Amino acid sequence: MKEKKSDLTHLVNYYRKKAPLYDKDYEDKYWELYNDLTWHFLKPFLPKNKKSRIMDIGCGTGKWTIKLAKMGYFIDCIDISPDMLHIAEEKAAKAEVMDQIEFKQGDIRDLSQWSTDSYDLVMALGDVISYALDDQIAVQEMNRITAPGGFCVASVDSKFVYILNHIKYNQFSVLKELERSSITKFFKEHSLKTYTPEQLTALFQSCGFTNISLFGKGIFMGALPRKQREKKLTTHYQEFFELEIKYGQKYSFIGQAGHIQISAQKPI
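In the working numbering, the protein residues as written are 2 to 269.
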């Protein structure tokens, strides 16, 4: 009997509206820093062989897929939103890398279209696992398609930050649900599953991954009001980047980041 999955139709509807302005919403200095941190912690896990297979789950408008294609990699690129995929395809065509990418609509919780043990790198950046809610199913599927010895790199939303958000807005009844289930309804359009470093590590271990590393993204900048952090990042970008790199790898700081990035290996 198949396990019942959460209905994610609301996500498809949400991104139908959001897709045209999605990239514009992430153009500020904070997200520039976030993307630079993502790349810094992703690079060590890129396959040395450019013919290796890569899967980008929840590819959105194609940021990482197109970047990797320009480097010579071939990528299978999936997203639950056809509207986001359409924009990704337009951007890939403009970048002249369409012949290196296969685009398909798909759900991280059902990757049955793709073969077992077939990808040297599986990415689920942009907090795809948090959006999926059914995290055990999602990570098991990621493990299944990862080749033995291959890596998975993913990011999730931090539980600590959403506890603070609920406290800030006096949402104590909602906070109780977050504490119980780790799911937040902070955004009216959709729910998110959040994680502590311990919860995220346990999830990937339970799904068969080993050699797990965690990185916190947005430890210091996420703690500042938007206008203040934009100003500081404009004048002291490199200093903050170096601080985030340094403390983002310290376990005592990771849980306080806005997002947690995980790398994990499938045993040979």
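Built from N, CA and C at the ideal position, the CB exists for glycine as well.
Please read these numbers as outputs of a predicted model, since none were measured by experiment.
Contact check, residue i vs residue j, beta carbons under 8 Å
{"i": "Tyr127", "j": "Lys92", "result": "A quick correction: the sequence has Gly, not Tyr, at residue 127. Against a cut-off of 8 Å, the Cβ pair of Lys92 and Gly127 comes out as no contact."}
{"i": "Met85", "j": "Tyr132", "result": "no"}
{"i": "Ile88", "j": "Leu12", "result": "no"}
{"i": "Phe216", "j": "Ile255", "result": "yes"}
{"i": "His191", "j": "Tyr15", "result": "yes"}
{"i": "Ala258", "j": "Ser159", "result": "yes"}
{"i": "Val123", "j": "Met56", "result": "yes"}
{"i": "Val154", "j": "Phe46", "result": "yes"}
{"i": "Thr202", "j": "Ile213", "result": "yes"}
{"i": "Ala148", "j": "Gly59", "result": "no"}
{"i": "Arg54", "j": "Ser119", "result": "yes"}
{"i": "Ile1", "j": "Gln106", "result": "Any property of residue 1 remains undetermined from this structure, which presents the chain solely from 2 to 269."}
{"i": "Asp135", "j": "Ser7", "result": "yes"}
{"i": "Ile102", "j": "Ile130", "result": "no"}
{"i": "Gly249", "j": "Asn144", "result": "no"}
Coil, strand or helix - residue i by DSSP
{"i": "Ser53", "result": "coil"}
{"i": "Tyr120", "result": "strand"}
{"i": "Glu103", "result": "strand"}
{"i": "Ala89", "result": "helix"}
{"i": "Gln257", "result": "coil"}
{"i": "Ala265", "result": "strand"}
{"i": "Met2", "result": "Because Met2 carries a pLDDT of 37, less than 50, the predicted location of this residue cannot be relied on, and the following value inherits that uncertainty. Residue state, collapsed to three classes: coil."}
{"i": "Gly217", "result": "strand"}
{"i": "Ala125", "result": "strand"}
{"i": "Asp26", "result": "helix"}
{"i": "Ile164", "result": "helix"}
{"i": "Asp8", "result": "coil"}
{"i": "Ile278", "result": "Lying before the first or after the last residue shown, residue 278 is absent from the chain, which here runs from 2 to 269."}
{"i": "Ile246", "result": "helix"}
Close Cβ partners of residue i (< 8 Å) along its chain, the five nearest in sequence each way excluded
{"i": "Phe241", "result": "Leu34, Phe221, Met222, Lys233 and Leu234"}
{"i": "Phe152", "result": "Phe46, Asp121, Leu122, Val123, Ser264, Ala265, Gln266 and Lys267"}
{"i": "Ala96", "result": "Ile67, Ala70 and Lys71"}
{"i": "Glu231", "result": "Asp29, Lys30 and Tyr31"}
{"i": "Arg1", "result": "As displayed, the chain neither begins before 2 nor continues past 269, which places residue 1 out of reach and without an answer."}
{"i": "Phe205", "result": "Val140, Cys153, Ile213, Ile263 and Ala265"}
Close beta carbons around residue i, own chain, < 6 Å, minus the five adjacent residues each side
{"i": "Lys49", "result": "none"}
{"i": "Met2", "result": "Its pLDDT being 37, under 50, Met2 is placed unreliably by the model, and nothing is read from it."}
{"i": "Glu90", "result": "Phe104"}
{"i": "Glu142", "result": "Leu112"}
{"i": "Arg17", "result": "Asp84"}
{"i": "Pro198", "result": "Leu215, Ile255 and Gly256"}
Chain-order list of residues whose beta-carbon lies under 7 Å from that of residue i (same chain, five-residue window excluded)
{"i": "Gly219", "result": "Tyr35, Ala258, Gly259 and His260"}
{"i": "Asp37", "result": "Phe242"}
{"i": "His41", "result": "Ile246"}
{"i": "Tyr27", "result": "none"}
{"i": "Val162", "result": "Gly223 and Gly259"}
Practice prompt. Note down, one range per segment and in chain order, each alpha helix (DSSP H) of at least 4 residues found wholly within the stretch 130-161.
Written response: Listed in chain order, they are 136-146.
Worksheet entry | Inter-stretch contact at 8 Å, needing at least 3 Cβ pairs: the stretch 59-75 / the stretch 237-256 | Pairwise C-beta distances place the stretch 59-75 out of contact with the stretch 237-256, as fewer than three of them are shorter than 8 Å.
Discussion item. To test your reading of the DSSP string, which unbroken alpha helix (DSSP H) runs of 4 or more residues are found completely within the stretch 173-212?
Written reply: Here the runs fully enclosed are 173-182 and 198-207.
Worksheet entry | Three CB pairs or more closer than 8 Å across the stretch 176-195 and the stretch 155-168 | As far as the Cβ criterion goes, the stretch 176-195 touches the stretch 155-168, which means the pair count is three or higher.
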